[in-house]
Amino acid sequence: MSDRSDLLLVIAPIGRDAVTICEQLARARIRAEVCKTVGDACERLQDGIGGIVITEEALPPDAMNELIAVLVKQPPWSEIPLIILSGAPSLDMKPRSFESLRRRTNVTLVDRPVRVNSLISAVQSALRARERQYDIRDLMAQLEERIHERDRFLAVLGHELRNPLGAILLAAQMRDDDERLAEEHAQLIERQSRHLTRLVNDLLDLSRVAAGKIVLKRQVIDLRDVAAQSIAVIKPMADKQHVQLRTDYPHHAVLVNADPVRVDQIVTNLLSNAVKYTPEGGHVTMAIEEQQDGAFVEVTDDGVGVAPERIDGIFELFAQAENAIGRAQGGMGIGLALVRNLVQLHGGTVNAKSDGVGKGSEFTVVLPLATPEERAESPRVEPVAPATMQPSRRSIVIVEDNNDVRDLLRLKLRRLGHEVKDARDGIEGLSMLLSERPDLALVDLGLPGMDGFAVARQVRQQLGHDVVLVAVSGFGQPDDKRRALDAGFDEHITKPADVHDIENILQRFPPRNTAA
1 MSDRSDLLLV IAPIGRDAVT ICEQLARARI RAEVCKTVGD ACERLQDGIG GIVITEEALP
61 PDAMNELIAV LVKQPPWSEI PLIILSGAPS LDMKPRSFES LRRRTNVTLV DRPVRVNSLI
121 SAVQSALRAR ERQYDIRDLM AQLEERIHER DRFLAVLGHE LRNPLGAILL AAQMRDDDER
181 LAEEHAQLIE RQSRHLTRLV NDLLDLSRVA AGKIVLKRQV IDLRDVAAQS IAVIKPMADK
241 QHVQLRTDYP HHAVLVNADP VRVDQIVTNL LSNAVKYTPE GGHVTMAIEE QQDGAFVEVT
301 DDGVGVAPER IDGIFELFAQ AENAIGRAQG GMGIGLALVR NLVQLHGGTV NAKSDGVGKG
361 SEFTVVLPLA TPEERAESPR VEPVAPATMQ PSRRSIVIVE DNNDVRDLLR LKLRRLGHEV
421 KDARDGIEGL SMLLSERPDL ALVDLGLPGM DGFAVARQVR QQLGHDVVLV AVSGFGQPDD
481 KRRALDAGFD EHITKPADVH DIENILQRFP PRNTAA
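Rendered as C-alpha coordinates:
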(Lines of atoms letter the chains of each structure in order from A; the text may use other names.)
(Lines give C-alpha, C1' and ligand atoms only; values in the text may rest on other atoms or scores of the structure.)
Protein backbone atom coordinates (compact mmCIF):
# COMPACT_ATOMS: atom_id res chain seq x y z
CA MET A 1 0.00 0.00 0.00
CA SER A 2 1.15 3.56 -0.68
CA ASP A 3 1.25 4.88 2.92
CA ARG A 4 4.03 2.59 4.20
CA SER A 5 6.67 4.69 5.95
CA ASP A 6 9.97 4.19 7.75
CA LEU A 7 10.00 7.81 8.99
CA LEU A 8 10.91 8.26 12.65
CA LEU A 9 9.57 11.22 14.68
CA VAL A 10 11.88 12.59 17.39
CA ILE A 11 10.40 14.51 20.36
CA ALA A 12 13.00 16.03 22.73
CA PRO A 13 12.05 19.48 24.04
CA ILE A 14 15.31 20.32 25.90
CA GLY A 15 18.06 22.14 24.01
CA ARG A 16 19.29 20.63 20.76
CA ASP A 17 18.65 17.02 21.79
CA ALA A 18 16.12 16.39 19.01
CA VAL A 19 18.39 17.82 16.30
CA THR A 20 21.39 15.88 17.59
CA ILE A 21 19.43 12.60 17.63
CA CYS A 22 18.23 13.17 14.04
CA GLU A 23 21.81 13.86 12.91
CA GLN A 24 23.11 10.67 14.54
CA LEU A 25 20.30 8.60 12.99
CA ALA A 26 20.90 10.16 9.58
CA ARG A 27 24.49 8.91 9.67
CA ALA A 28 23.03 5.39 10.02
CA ARG A 29 20.72 6.12 7.03
CA ILE A 30 17.62 6.27 9.18
CA ARG A 31 15.01 8.87 8.22
CA ALA A 32 14.14 11.04 11.19
CA GLU A 33 12.39 14.39 11.70
CA VAL A 34 12.04 16.66 14.70
CA CYS A 35 8.53 16.86 16.08
CA LYS A 36 7.86 19.60 18.64
CA THR A 37 5.07 18.12 20.76
CA VAL A 38 3.20 14.88 21.40
CA GLY A 39 0.10 16.54 19.95
CA ASP A 40 1.87 17.13 16.64
CA ALA A 41 3.02 13.49 16.58
CA CYS A 42 -0.53 12.26 17.24
CA GLU A 43 -1.80 14.20 14.22
CA ARG A 44 0.85 12.59 12.00
CA LEU A 45 0.13 9.04 13.11
CA GLN A 46 -2.69 8.86 10.58
CA ASP A 47 -0.21 9.46 7.74
CA GLY A 48 1.77 6.35 8.59
CA ILE A 49 5.08 6.54 10.46
CA GLY A 50 7.80 4.08 11.41
CA GLY A 51 7.94 4.98 15.08
CA ILE A 52 8.59 7.66 17.72
CA VAL A 53 11.72 8.47 19.73
CA ILE A 54 10.72 10.54 22.74
CA THR A 55 12.44 11.72 25.90
CA GLU A 56 10.83 11.04 29.25
CA GLU A 57 10.35 14.72 30.07
CA ALA A 58 8.29 15.12 26.88
CA LEU A 59 5.64 12.82 28.43
CA PRO A 60 3.95 14.71 31.28
CA PRO A 61 0.62 13.21 32.39
CA ASP A 62 -1.52 15.24 29.97
CA ALA A 63 0.70 14.35 26.98
CA MET A 64 0.73 10.72 28.11
CA ASN A 65 -3.07 10.62 28.19
CA GLU A 66 -3.26 12.28 24.74
CA LEU A 67 -0.90 9.66 23.30
CA ILE A 68 -2.80 6.77 24.95
CA ALA A 69 -6.08 8.08 23.51
CA VAL A 70 -4.60 7.86 19.98
CA LEU A 71 -2.97 4.49 20.53
CA VAL A 72 -6.27 2.99 21.66
CA LYS A 73 -7.65 3.77 18.18
CA GLN A 74 -4.90 1.91 16.32
CA PRO A 75 -6.11 -0.79 13.90
CA PRO A 76 -5.59 -4.38 15.09
CA TRP A 77 -2.44 -4.86 13.00
CA SER A 78 -0.65 -1.79 14.36
CA GLU A 79 1.66 -1.34 17.35
CA ILE A 80 3.57 1.88 16.71
CA PRO A 81 7.11 1.47 18.11
CA LEU A 82 7.74 3.90 20.95
CA ILE A 83 11.38 4.37 22.07
CA ILE A 84 11.54 6.29 25.36
CA LEU A 85 14.82 7.80 26.45
CA SER A 86 14.37 7.28 30.20
CA GLY A 87 16.25 8.72 33.14
CA ALA A 88 15.95 12.46 33.66
CA PRO A 89 18.65 15.13 33.45
CA SER A 90 17.88 15.90 37.09
CA LEU A 91 19.10 13.15 39.49
CA ASP A 92 16.38 13.86 42.03
CA MET A 93 13.53 12.95 39.57
CA LYS A 94 11.79 9.70 40.55
CA PRO A 95 11.57 6.79 38.03
CA ARG A 96 8.25 6.58 36.17
CA SER A 97 6.14 3.65 35.05
CA PHE A 98 5.12 3.38 31.38
CA GLU A 99 2.90 0.33 31.86
CA SER A 100 -0.18 2.16 30.51
CA LEU A 101 1.72 2.68 27.24
CA ARG A 102 3.05 -0.90 27.14
CA ARG A 103 -0.50 -2.25 27.22
CA ARG A 104 -1.29 -0.38 24.01
CA THR A 105 1.87 -0.44 21.89
CA ASN A 106 5.45 -1.65 21.57
CA VAL A 107 7.60 0.28 24.08
CA THR A 108 11.41 0.16 24.31
CA LEU A 109 13.26 1.95 27.15
CA VAL A 110 16.76 3.28 26.50
CA ASP A 111 18.62 4.58 29.57
CA ARG A 112 20.44 7.89 29.48
CA PRO A 113 23.12 8.90 28.96
CA VAL A 114 22.42 7.33 25.57
CA ARG A 115 25.10 5.48 23.67
CA VAL A 116 24.66 6.16 19.95
CA ASN A 117 25.13 2.53 18.94
CA SER A 118 22.52 1.38 21.47
CA LEU A 119 20.01 3.94 20.19
CA ILE A 120 20.61 3.01 16.55
CA SER A 121 20.24 -0.69 17.35
CA ALA A 122 16.95 -0.07 19.21
CA VAL A 123 15.62 2.08 16.35
CA GLN A 124 16.56 -0.49 13.69
CA SER A 125 14.82 -3.26 15.62
CA ALA A 126 11.73 -1.09 16.05
CA LEU A 127 11.61 -0.24 12.33
CA ARG A 128 11.95 -3.91 11.36
CA ALA A 129 9.04 -4.73 13.65
CA ARG A 130 7.05 -1.89 12.09
CA GLU A 131 7.81 -3.20 8.59
CA ARG A 132 6.40 -6.58 9.57
CA GLN A 133 3.28 -4.84 10.81
CA TYR A 134 2.86 -3.16 7.43
CA ASP A 135 3.28 -6.58 5.78
CA ILE A 136 0.53 -7.98 7.98
CA ARG A 137 -1.70 -5.01 7.15
CA ASP A 138 -1.20 -5.54 3.42
CA LEU A 139 -1.90 -9.26 3.74
CA MET A 140 -5.07 -8.49 5.68
CA ALA A 141 -6.16 -6.08 2.94
CA GLN A 142 -5.50 -8.72 0.29
CA LEU A 143 -7.42 -11.29 2.29
CA GLU A 144 -10.32 -8.90 2.69
CA GLU A 145 -10.35 -8.30 -1.06
CA ARG A 146 -10.32 -12.06 -1.69
CA ILE A 147 -13.27 -12.42 0.66
CA HIS A 148 -15.12 -9.71 -1.25
CA GLU A 149 -14.28 -11.50 -4.52
CA ARG A 150 -15.56 -14.76 -3.06
CA ASP A 151 -18.78 -13.11 -1.94
CA ARG A 152 -19.26 -11.51 -5.37
CA PHE A 153 -18.57 -14.85 -7.03
CA LEU A 154 -21.04 -16.70 -4.81
CA ALA A 155 -23.69 -14.04 -5.49
CA VAL A 156 -23.20 -14.32 -9.25
CA LEU A 157 -23.02 -18.12 -9.06
CA GLY A 158 -26.30 -18.24 -7.14
CA HIS A 159 -27.92 -15.98 -9.75
CA GLU A 160 -26.60 -18.01 -12.68
CA LEU A 161 -27.69 -21.32 -11.16
CA ARG A 162 -31.14 -20.10 -10.19
CA ASN A 163 -31.99 -18.96 -13.73
CA PRO A 164 -31.73 -22.36 -15.47
CA LEU A 165 -32.94 -24.21 -12.38
CA GLY A 166 -36.00 -21.98 -12.27
CA ALA A 167 -36.70 -22.64 -15.95
CA ILE A 168 -36.27 -26.40 -15.44
CA LEU A 169 -38.61 -26.40 -12.44
CA LEU A 170 -41.31 -24.43 -14.27
CA ALA A 171 -41.03 -26.57 -17.40
CA ALA A 172 -41.30 -29.75 -15.33
CA GLN A 173 -44.53 -28.42 -13.82
CA MET A 174 -46.11 -27.79 -17.24
CA ARG A 175 -47.70 -31.23 -17.44
CA ASP A 176 -51.10 -31.59 -19.05
CA ASP A 177 -54.14 -33.30 -17.54
CA ASP A 178 -52.70 -36.71 -18.48
CA GLU A 179 -49.46 -35.86 -16.64
CA ARG A 180 -47.60 -35.68 -19.94
CA LEU A 181 -44.93 -33.11 -20.76
CA ALA A 182 -45.09 -31.21 -24.04
CA GLU A 183 -42.10 -31.64 -26.34
CA GLU A 184 -41.20 -27.94 -26.17
CA HIS A 185 -40.98 -28.11 -22.37
CA ALA A 186 -38.90 -31.29 -22.50
CA GLN A 187 -36.55 -29.56 -24.95
CA LEU A 188 -36.32 -26.57 -22.62
CA ILE A 189 -35.36 -28.83 -19.73
CA GLU A 190 -32.64 -30.48 -21.81
CA ARG A 191 -31.35 -27.13 -23.10
CA GLN A 192 -31.14 -25.58 -19.63
CA SER A 193 -29.56 -28.74 -18.21
CA ARG A 194 -26.85 -28.61 -20.85
CA HIS A 195 -26.32 -24.94 -20.01
CA LEU A 196 -25.79 -25.89 -16.36
CA THR A 197 -23.36 -28.62 -17.41
CA ARG A 198 -21.33 -26.18 -19.52
CA LEU A 199 -21.25 -23.70 -16.65
CA VAL A 200 -19.90 -26.29 -14.21
CA ASN A 201 -17.40 -27.61 -16.77
CA ASP A 202 -16.07 -24.09 -17.40
CA LEU A 203 -15.59 -23.59 -13.66
CA LEU A 204 -13.73 -26.88 -13.33
CA ASP A 205 -11.60 -26.21 -16.41
CA LEU A 206 -10.66 -22.76 -15.15
CA SER A 207 -9.55 -24.18 -11.80
CA ARG A 208 -7.55 -26.88 -13.61
CA VAL A 209 -5.83 -24.29 -15.79
CA ALA A 210 -4.96 -22.23 -12.71
CA ALA A 211 -3.51 -25.35 -11.04
CA GLY A 212 -1.57 -26.30 -14.19
CA LYS A 213 -3.43 -29.61 -14.51
CA ILE A 214 -4.62 -29.31 -18.12
CA VAL A 215 -2.54 -31.35 -20.56
CA LEU A 216 -3.03 -30.48 -24.21
CA LYS A 217 -3.62 -33.40 -26.60
CA ARG A 218 -2.27 -31.83 -29.73
CA GLN A 219 -2.90 -32.89 -33.30
CA VAL A 220 -2.90 -31.10 -36.62
CA ILE A 221 -6.41 -29.72 -37.19
CA ASP A 222 -8.08 -27.43 -39.69
CA LEU A 223 -9.54 -24.40 -37.91
CA ARG A 224 -12.40 -24.38 -40.43
CA ASP A 225 -13.58 -27.76 -39.09
CA VAL A 226 -13.55 -26.51 -35.50
CA ALA A 227 -15.36 -23.34 -36.53
CA ALA A 228 -18.08 -25.33 -38.30
CA GLN A 229 -18.66 -27.45 -35.19
CA SER A 230 -18.84 -24.37 -32.96
CA ILE A 231 -21.27 -22.63 -35.31
CA ALA A 232 -23.52 -25.70 -35.21
CA VAL A 233 -23.53 -25.59 -31.40
CA ILE A 234 -24.25 -21.86 -31.15
CA LYS A 235 -26.78 -21.57 -34.00
CA PRO A 236 -29.86 -22.61 -31.94
CA MET A 237 -28.97 -19.96 -29.36
CA ALA A 238 -28.50 -17.34 -32.10
CA ASP A 239 -31.76 -18.29 -33.82
CA LYS A 240 -33.66 -17.98 -30.56
CA GLN A 241 -32.28 -14.45 -30.04
CA HIS A 242 -32.77 -13.59 -33.75
CA VAL A 243 -29.05 -12.93 -34.19
CA GLN A 244 -27.60 -13.68 -37.61
CA LEU A 245 -24.38 -15.73 -37.75
CA ARG A 246 -21.95 -15.05 -40.59
CA THR A 247 -18.74 -16.83 -41.56
CA ASP A 248 -15.73 -15.88 -43.63
CA TYR A 249 -13.36 -18.81 -44.26
CA PRO A 250 -10.53 -19.19 -46.77
CA HIS A 251 -10.83 -21.90 -49.44
CA HIS A 252 -7.66 -23.65 -48.23
CA ALA A 253 -7.08 -25.46 -44.94
CA VAL A 254 -5.76 -23.41 -42.00
CA LEU A 255 -3.72 -25.94 -40.05
CA VAL A 256 -2.63 -25.59 -36.44
CA ASN A 257 -1.09 -28.12 -34.06
CA ALA A 258 -3.52 -27.86 -31.16
CA ASP A 259 -5.89 -29.70 -28.86
CA PRO A 260 -9.16 -29.85 -30.85
CA VAL A 261 -11.32 -30.01 -27.71
CA ARG A 262 -9.69 -26.91 -26.21
CA VAL A 263 -9.76 -24.97 -29.48
CA ASP A 264 -13.46 -25.80 -29.73
CA GLN A 265 -13.89 -24.38 -26.21
CA ILE A 266 -12.09 -21.20 -27.24
CA VAL A 267 -14.16 -20.61 -30.36
CA THR A 268 -17.48 -21.66 -28.79
CA ASN A 269 -16.94 -19.36 -25.80
CA LEU A 270 -16.16 -16.41 -28.07
CA LEU A 271 -19.23 -17.07 -30.22
CA SER A 272 -21.47 -17.62 -27.20
CA ASN A 273 -20.23 -14.38 -25.63
CA ALA A 274 -20.84 -12.44 -28.86
CA VAL A 275 -24.36 -13.80 -29.33
CA LYS A 276 -25.22 -13.23 -25.67
CA TYR A 277 -24.35 -9.54 -25.85
CA THR A 278 -25.84 -8.84 -29.28
CA PRO A 279 -29.45 -7.61 -29.25
CA GLU A 280 -32.21 -8.97 -31.47
CA GLY A 281 -31.58 -8.27 -35.16
CA GLY A 282 -27.82 -8.02 -34.69
CA HIS A 283 -25.01 -9.85 -36.44
CA VAL A 284 -22.07 -11.97 -35.32
CA THR A 285 -19.29 -12.76 -37.80
CA MET A 286 -16.51 -15.32 -37.43
CA ALA A 287 -13.57 -14.98 -39.80
CA ILE A 288 -10.54 -17.25 -40.18
CA GLU A 289 -7.38 -16.08 -41.86
CA GLU A 290 -3.87 -17.46 -42.32
CA GLN A 291 -0.98 -15.00 -42.14
CA GLN A 292 2.78 -15.37 -41.82
CA ASP A 293 2.67 -14.81 -38.05
CA GLY A 294 -0.15 -17.23 -37.26
CA ALA A 295 -3.69 -18.44 -37.76
CA PHE A 296 -6.25 -15.72 -36.95
CA VAL A 297 -9.75 -16.31 -35.62
CA GLU A 298 -11.81 -13.10 -35.42
CA VAL A 299 -15.26 -12.89 -33.85
CA THR A 300 -16.99 -9.53 -34.33
CA ASP A 301 -20.44 -8.35 -33.35
CA ASP A 302 -22.54 -5.20 -33.44
CA GLY A 303 -23.75 -5.70 -29.87
CA VAL A 304 -23.46 -3.78 -26.60
CA GLY A 305 -19.70 -3.17 -26.83
CA VAL A 306 -17.30 -2.42 -24.00
CA ALA A 307 -16.47 0.90 -22.34
CA PRO A 308 -12.88 2.06 -23.08
CA GLU A 309 -11.88 2.01 -19.40
CA ARG A 310 -12.94 -1.67 -19.11
CA ILE A 311 -11.44 -3.13 -22.26
CA ASP A 312 -8.08 -3.95 -20.62
CA GLY A 313 -9.77 -6.04 -17.91
CA ILE A 314 -12.27 -7.87 -20.09
CA PHE A 315 -10.36 -11.17 -19.79
CA GLU A 316 -10.10 -11.01 -16.01
CA LEU A 317 -12.08 -13.47 -13.93
CA PHE A 318 -15.70 -12.35 -13.28
CA ALA A 319 -15.31 -9.31 -15.58
CA GLN A 320 -18.55 -8.27 -17.31
CA ALA A 321 -19.76 -5.34 -19.35
CA GLU A 322 -21.42 -3.12 -16.76
CA ASN A 323 -24.40 -1.81 -18.65
CA ALA A 324 -28.06 -2.53 -18.43
CA ILE A 325 -28.36 -4.57 -21.62
CA GLY A 326 -25.23 -6.65 -21.10
CA ARG A 327 -25.76 -7.37 -17.41
CA ALA A 328 -29.30 -8.44 -18.08
CA GLN A 329 -27.88 -11.29 -20.14
CA GLY A 330 -26.18 -12.67 -17.05
CA GLY A 331 -23.01 -14.68 -17.21
CA MET A 332 -20.43 -15.47 -14.57
CA GLY A 333 -17.56 -13.70 -16.27
CA ILE A 334 -15.48 -16.88 -16.56
CA GLY A 335 -15.79 -17.62 -20.28
CA LEU A 336 -13.28 -15.03 -21.50
CA ALA A 337 -10.90 -15.79 -18.63
CA LEU A 338 -10.94 -19.45 -19.73
CA VAL A 339 -10.40 -18.40 -23.35
CA ARG A 340 -7.30 -16.38 -22.45
CA ASN A 341 -5.79 -19.20 -20.40
CA LEU A 342 -6.41 -21.84 -23.06
CA VAL A 343 -5.01 -19.63 -25.81
CA GLN A 344 -1.89 -18.95 -23.77
CA LEU A 345 -1.45 -22.69 -23.16
CA HIS A 346 -1.25 -23.07 -26.95
CA GLY A 347 1.38 -20.33 -27.18
CA GLY A 348 -1.09 -17.90 -28.78
CA THR A 349 -2.54 -14.49 -27.99
CA VAL A 350 -6.03 -13.04 -27.63
CA ASN A 351 -7.16 -9.43 -27.51
CA ALA A 352 -10.36 -7.43 -27.57
CA LYS A 353 -11.31 -4.15 -29.24
CA SER A 354 -14.39 -1.97 -28.99
CA ASP A 355 -15.24 1.59 -29.96
CA GLY A 356 -17.35 1.91 -26.82
CA VAL A 357 -20.71 0.99 -25.32
CA GLY A 358 -23.27 0.22 -28.02
CA LYS A 359 -20.67 -0.01 -30.79
CA GLY A 360 -19.93 -3.72 -30.87
CA SER A 361 -16.81 -5.72 -30.06
CA GLU A 362 -14.06 -7.61 -31.85
CA PHE A 363 -12.11 -10.52 -30.37
CA THR A 364 -9.00 -11.83 -32.13
CA VAL A 365 -7.24 -15.10 -31.33
CA VAL A 366 -3.87 -15.85 -32.91
CA LEU A 367 -2.58 -19.43 -32.79
CA PRO A 368 0.78 -20.68 -34.11
CA LEU A 369 0.53 -22.38 -37.50
CA ALA A 370 1.49 -26.03 -37.73
CA THR A 371 5.07 -26.40 -38.95
CA PRO A 372 5.88 -28.52 -42.02
CA GLU A 373 7.39 -31.11 -39.69
CA GLU A 374 4.23 -31.24 -37.55
CA ARG A 375 2.06 -31.60 -40.64
CA ALA A 376 4.19 -34.50 -41.84
CA GLU A 377 4.35 -36.28 -38.49
CA SER A 378 0.71 -35.76 -37.51
CA PRO A 379 -1.55 -35.95 -40.56
CA ARG A 380 -4.80 -34.14 -40.09
CA VAL A 381 -7.71 -36.26 -38.91
CA GLU A 382 -10.87 -35.57 -40.85
CA PRO A 383 -13.99 -35.11 -38.71
CA VAL A 384 -16.01 -38.28 -38.45
CA ALA A 385 -19.77 -38.12 -38.67
CA PRO A 386 -21.53 -39.59 -35.62
CA ALA A 387 -22.75 -43.14 -36.05
CA THR A 388 -26.39 -43.47 -36.84
CA MET A 389 -26.69 -47.25 -36.45
CA GLN A 390 -28.85 -48.22 -33.52
CA PRO A 391 -27.07 -50.55 -31.09
CA SER A 392 -28.48 -54.02 -30.72
CA ARG A 393 -30.48 -55.01 -27.67
CA ARG A 394 -28.20 -55.35 -24.63
CA SER A 395 -28.53 -56.47 -21.05
CA ILE A 396 -27.59 -53.58 -18.75
CA VAL A 397 -27.22 -53.24 -14.99
CA ILE A 398 -27.34 -49.80 -13.33
CA VAL A 399 -25.71 -49.46 -9.90
CA GLU A 400 -26.70 -46.02 -8.57
CA ASP A 401 -27.74 -44.82 -5.10
CA ASN A 402 -29.63 -41.73 -6.34
CA ASN A 403 -33.22 -42.91 -6.84
CA ASP A 404 -34.18 -40.32 -9.46
CA VAL A 405 -31.07 -40.83 -11.59
CA ARG A 406 -31.41 -44.60 -11.39
CA ASP A 407 -35.11 -44.64 -12.27
CA LEU A 408 -34.76 -42.22 -15.19
CA LEU A 409 -31.77 -44.05 -16.67
CA ARG A 410 -33.61 -47.37 -16.40
CA LEU A 411 -36.72 -45.93 -18.06
CA LYS A 412 -34.79 -44.30 -20.91
CA LEU A 413 -32.66 -47.36 -21.66
CA ARG A 414 -35.72 -49.63 -21.64
CA ARG A 415 -37.41 -47.31 -24.12
CA LEU A 416 -34.36 -47.78 -26.35
CA GLY A 417 -35.04 -51.51 -26.29
CA HIS A 418 -32.52 -52.75 -23.73
CA GLU A 419 -33.06 -55.15 -20.85
CA VAL A 420 -32.27 -53.18 -17.70
CA LYS A 421 -31.93 -54.08 -14.03
CA ASP A 422 -30.73 -51.85 -11.21
CA ALA A 423 -29.18 -51.92 -7.75
CA ARG A 424 -29.08 -49.29 -4.98
CA ASP A 425 -25.65 -49.87 -3.41
CA GLY A 426 -22.29 -51.46 -4.08
CA ILE A 427 -22.94 -54.76 -2.30
CA GLU A 428 -26.28 -55.33 -4.05
CA GLY A 429 -24.74 -54.18 -7.34
CA LEU A 430 -21.82 -56.63 -7.13
CA SER A 431 -24.15 -59.52 -6.38
CA MET A 432 -26.39 -58.59 -9.33
CA LEU A 433 -23.45 -58.22 -11.72
CA LEU A 434 -22.02 -61.62 -10.78
CA SER A 435 -25.39 -63.35 -11.15
CA GLU A 436 -26.71 -61.53 -14.24
CA ARG A 437 -23.40 -61.21 -16.15
CA PRO A 438 -24.76 -58.30 -18.27
CA ASP A 439 -23.27 -56.84 -21.43
CA LEU A 440 -22.85 -53.44 -19.82
CA ALA A 441 -22.79 -52.05 -16.27
CA LEU A 442 -23.18 -48.38 -15.35
CA VAL A 443 -21.61 -48.06 -11.88
CA ASP A 444 -21.61 -44.95 -9.72
CA LEU A 445 -18.27 -44.51 -7.94
CA GLY A 446 -19.60 -43.01 -4.69
CA LEU A 447 -21.77 -45.94 -3.58
CA PRO A 448 -22.73 -46.85 -0.01
CA GLY A 449 -21.60 -50.18 1.38
CA MET A 450 -18.93 -50.75 -1.28
CA ASP A 451 -17.68 -48.02 -3.59
CA GLY A 452 -17.58 -48.37 -7.36
CA PHE A 453 -13.83 -48.96 -7.46
CA ALA A 454 -14.16 -52.03 -5.23
CA VAL A 455 -17.10 -53.28 -7.32
CA ALA A 456 -15.03 -53.01 -10.50
CA ARG A 457 -12.06 -54.85 -9.00
CA GLN A 458 -14.28 -57.70 -7.77
CA VAL A 459 -16.03 -58.00 -11.14
CA ARG A 460 -12.72 -58.14 -13.01
CA GLN A 461 -11.38 -60.80 -10.62
CA GLN A 462 -14.42 -63.06 -10.99
CA LEU A 463 -15.75 -62.34 -14.50
CA GLY A 464 -12.64 -61.13 -16.28
CA HIS A 465 -13.52 -58.85 -19.19
CA ASP A 466 -16.90 -60.37 -20.06
CA VAL A 467 -18.69 -57.18 -18.86
CA VAL A 468 -18.21 -53.65 -20.20
CA LEU A 469 -17.80 -51.53 -17.06
CA VAL A 470 -18.60 -47.80 -17.26
CA ALA A 471 -17.87 -45.55 -14.29
CA VAL A 472 -20.41 -42.78 -13.67
CA SER A 473 -19.19 -40.04 -11.36
CA GLY A 474 -19.50 -36.38 -10.50
CA PHE A 475 -15.70 -36.23 -10.35
CA GLY A 476 -14.39 -35.65 -13.85
CA GLN A 477 -10.77 -34.60 -13.42
CA PRO A 478 -8.04 -36.56 -15.29
CA ASP A 479 -6.88 -38.15 -12.02
CA ASP A 480 -10.44 -39.35 -11.35
CA LYS A 481 -10.69 -40.94 -14.80
CA ARG A 482 -7.25 -42.53 -14.48
CA ARG A 483 -8.15 -44.01 -11.11
CA ALA A 484 -11.35 -45.47 -12.58
CA LEU A 485 -9.48 -47.08 -15.48
CA ASP A 486 -6.86 -48.46 -13.08
CA ALA A 487 -9.67 -50.09 -11.06
CA GLY A 488 -10.85 -51.97 -14.16
CA PHE A 489 -13.42 -49.72 -15.81
CA ASP A 490 -13.53 -49.50 -19.60
CA GLU A 491 -14.95 -45.97 -19.73
CA HIS A 492 -15.68 -43.00 -17.47
CA ILE A 493 -18.73 -40.75 -17.83
CA THR A 494 -18.94 -37.52 -15.84
CA LYS A 495 -22.33 -36.72 -14.35
CA PRO A 496 -24.87 -35.72 -15.44
CA ALA A 497 -24.89 -38.93 -17.48
CA ASP A 498 -26.02 -38.33 -21.06
CA VAL A 499 -27.93 -41.13 -22.76
CA HIS A 500 -26.20 -40.23 -26.05
CA ASP A 501 -22.83 -40.93 -24.41
CA ILE A 502 -24.10 -44.32 -23.26
CA GLU A 503 -25.36 -45.10 -26.78
CA ASN A 504 -21.95 -44.21 -28.22
CA ILE A 505 -20.31 -46.61 -25.77
CA LEU A 506 -22.75 -49.36 -26.79
CA GLN A 507 -21.82 -48.80 -30.42
CA ARG A 508 -18.08 -48.90 -29.70
CA PHE A 509 -18.13 -52.02 -27.51
CA PRO A 510 -19.67 -55.19 -28.94
CA PRO A 511 -21.29 -57.58 -26.46
CA ARG A 512 -18.56 -59.33 -24.45
CA ASN A 513 -20.70 -61.86 -22.66
CA THR A 514 -21.25 -64.49 -25.34
CA ALA A 515 -23.56 -66.40 -23.01
CA ALA A 516 -25.90 -63.40 -22.97
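Yeah, the sequence shown ends on 516 if you go by this note's numbering, and it's all consecutive. Note that the Cβ used here is the ideal one computed from N, Cα and C, for glycine as well. If you're wondering where the values come from, they're calculated on a predicted model, not measured in any experiment.
- Put simply, the backbone Cα of Lys-353 is about 9 Å away from that of Thr-364.
- Each residue's CA atom was taken as its position, placing Gly-417 and Ile-398 some 15 Å apart.
- Inclusion of Ala-232 and Val-256 in the CB contact set at 8 Å is not warranted, their separation being larger than that value.
- If you compare the alpha carbons of Asn-403, Asp-177, Leu-336 with that of Glu-316, the shortest gap goes to Leu-336.
- In the assembly as shown, Ile-14 is an exposed residue. Its beta-carbon has fewer than 16 other beta-carbons within 10 Å.
- For Ser-361, the three-state secondary structure derived from DSSP is strand.
- Looking at Thr-268, Phe-475, Val-263, the one whose alpha-carbon comes closest to that of Ala-238 is Thr-268.
- Taking 8 Å as the cut-off, the beta carbon of Ala-441 is found no closer than this to the beta carbon of Val-420.
- Put simply, of Tyr-277, Leu-206, Arg-406 the residue whose alpha carbon is nearest the alpha carbon of Ile-334 is Leu-206.
- Cβ-Cβ distances below 8 Å link Ser-272 to Ile-234, Met-237, Gly-335 in the same chain, with the five nearest sequence neighbours on each side left out; the list follows chain order.
- If you check the CB distance, Gln-458 and Leu-430 come in under 8 Å.
- Only buried fits Ser-361, as 16 or more other CB atoms lie within 10 angstroms of its CB.
- Annotation for Val-343: the continuous alpha helix (DSSP H) segment containing it runs 335-345.
- Gly-426 is positioned such that its CB atom lies closer than 8 Å to that of Asp-451.
- When C-alpha distances from Ala-370 are compared across Pro-510, Leu-345, Asp-222, Thr-197, the shortest belongs to Asp-222.
- 8 Å or more divides the Cβ of Leu-45 from the Cβ of Val-72.
- As the crow flies, the alpha-carbon of Cys-42 is around 25 Å from that of Leu-139.
- Distance between Arg-262 and Pro-511, taken at the CA atoms: about 33 Å.
- Pro-260 and Phe-489 have their alpha carbons spaced roughly 25 Å apart.
- Judged by pairs of C-beta atoms under 8 Å, the segment 175-188 does not touch the segment 214-229, as fewer than three such pairs exist.
- The segment 23-33 makes no contact with the segment 130-148; the number of CB pairs closer than 8 Å stays below 3.
- Ranking Ala-167, Glu-57, Ala-28, Leu-67 by CA distance to the CA of Asp-40 puts Leu-67 first.
- With a cutoff of 8 Å on beta-carbon distance, Val-34 and Ala-63 are scored as not near each other.
- The DSSP-derived three-state label of Thr-20 is helix.
- Around Gln-192, the same chain offers Pro-164, Ala-167, Ile-168 as residues with beta carbons nearer than 7 Å, after the five sequence neighbours per side are excluded.
- For Leu-67, the uninterrupted alpha helix (DSSP H) segment begins and ends at 61-71.
- For Asp-248, the enclosing beta strand (DSSP E) stretches over residues 244-248.
- The criterion of a C-beta distance shorter than 8 Å is satisfied by Ser-395 and Asp-439.
- Fully contained in the segment 156-232 are the following alpha helix (DSSP H) runs of length 4 or more, in chain order: 183-210.
- Judged by DSSP in its simplified three-state form, Ile-314 adopts coil rather than helix or strand.
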